[in-house]
Amino acid sequence: MVEKKKIDKRMEAKTVVQLKHMFDMELRRIKDDNNIDIIMFVGIDGRIFASLIPTILDSVQFRFLNLLKGNLPSLCSQLKGDKLKVSIQQYELGTVVISGIGANCFLASIFSKPLSIDTMGPTINNLVNGSTVLNHLFEQRSIAPEDLVDYDPAVAEELGKLTRQLFVETFEETRGYKRNMELLKFLRQKIGGVVGIGAVDEIITVTMNELGTSTAFMKDADWLKLVERVIENHIRERSGELVADQCRKTWVPEVERKLKSFV
Numbered sequence: 249m250v251e252k253k254k255i256d257k258r259m260e261a262k263t264v265v266q267l268k269h270m271f272d273m274e275l276r277r278i279k280d281d282n283n284i285d286i287i288m289f290v291g292i293d294g295r296i297f298a299s300l301i302p303t304i305l306d307s308v309q310f311r312f313l314n315l316l317k318g319n320l321p322s323l324c325s326q327l328k329g330d331k332l333k334v335s336i337q338q339y340e341l342g343t344v345v346i347s348g349i350g351a352n353c354f355l356a357s358i359f360s361k362p363l364s365i366d367t368m369g370p371t372i373n374n375l376v377n378g379s380t381v382l383n384h385l386f387e388q389r390s391i392a393p394e395d396l397v398d399y400d401p402a403v404a405e406e407l408g409k410l411t412r413q414l415f416v417e418t419f420e421e422t423r424g425y426k427r428n429m430e431l432l433k434f435l436r437q438k439i440g441g442v443v444g445i446g447a448v449d450e451i452i453t454v455t456m457n458e459l460g461t462s463t464a465f466m467k468d469a470d471w472l473k474l475v476e477r478v479i480e481n482h483i484r485e486r487s488g489e490l491v492a493d494q495c496r497k498t499w500v501p502e503v504e505r506k507l508k509s510f511v
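The sequence shown stops at residue 511 when you use this note's numbering, and every number in between is there.
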């Protein structure tokens, strides 16, 4: 029995779209994990780069959103001189927490209910760690394990979770996945044209199991091995030497060409 290959189901953001997706995921996680009503990622020039605001605001949420927007010029002016870590603003009906993200941005979190300083410790710690994660993403830094050793373990763990979540949510949009689906379609047509469409699924499934992999995660070498095994173990047995040799002569160059076209 062939041992299944260990597949790394993590993904770093390699495009602007993927980076924004990862950033938005973390912003959503911060909001949901800490029961924040409104959250905004703001530059010290007052620009709001990203936000999560309910479609319908109650009166308290509406009041605090306007309060925060009205205070942005003053906040930004203060932040230009000093690198803010955390600021807690308590009001009778709610709480606003400002947490710094690097030297040029900050995270504004609105809670439409009063929070006690005595019990806010875990929430503040989560916001500080979340701000560190957002800053790491905003600066487009590597998420390789060796580049995270200086972080608090909670920050490194969160970045690791994001790479796995990005993989789950966007893997089927990657060039590699689309390439593999195209190659599978090509080989299914070729195999079916020789042995009949009814035998295709069995041949591909058996050969994939022998290689210990699956279509979505195939590498270049895997595809060439797959073609070779299909021809030797199935085409030659079912259709004879001449047909098998002709398949190798035509299929292998075509697969190699398709692999190169996706580089």
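Glycine included, each C-beta is placed from N, C-alpha and C at the ideal position. Note that the structure is predicted; figures quoted are calculated from it, not measured.
- In this structure, the alpha-carbon of Asn374 lies about 43 Å from that of Glu430.
- By the 16-neighbour rule on beta-carbons within 10 angstroms, Ile301 is exposed.
- Counted as a single uninterrupted DSSP element, the stretch harbouring Ser364 is not any beta strand (DSSP E), since DSSP gives it neither H nor E.
- The alpha carbon of Val448 has as its nearest neighbour, out of Arg436, Met456 and Glu458, the alpha carbon of Arg436.
- Spatial neighbours of Met466 in its own chain (CB-CB distance under 6 Å, excluding positions within 5 residues in sequence) are listed in chain order as Asn428.
- Beta-bridge partners assigned by DSSP to Thr411: none are found.
- Restricting attention to Ile391, Glu417 and Tyr425, the CA atom closest to the CA of Thr463 is found in Tyr425.
- With a contact defined as Cβ atoms closer than 8 Å, Phe271 and Leu385 qualify at about 5 Å.
- Residue burial is scored here from C-beta neighbours: Lys438 has at least 16 other C-beta atoms within 10 angstroms and is therefore classed as buried.
- At a Cβ-Cβ threshold of 8 Å, Ser307 and Gly348 do not count as neighbours.
- Segment contact: the stretch 396 to 416 against the stretch 258 to 266, three or more CB-CB distances shorter than 8 Å; contact assigned.
- In this structure, the beta-carbon distance from Phe297 to Leu382 does not fall below 8 Å.
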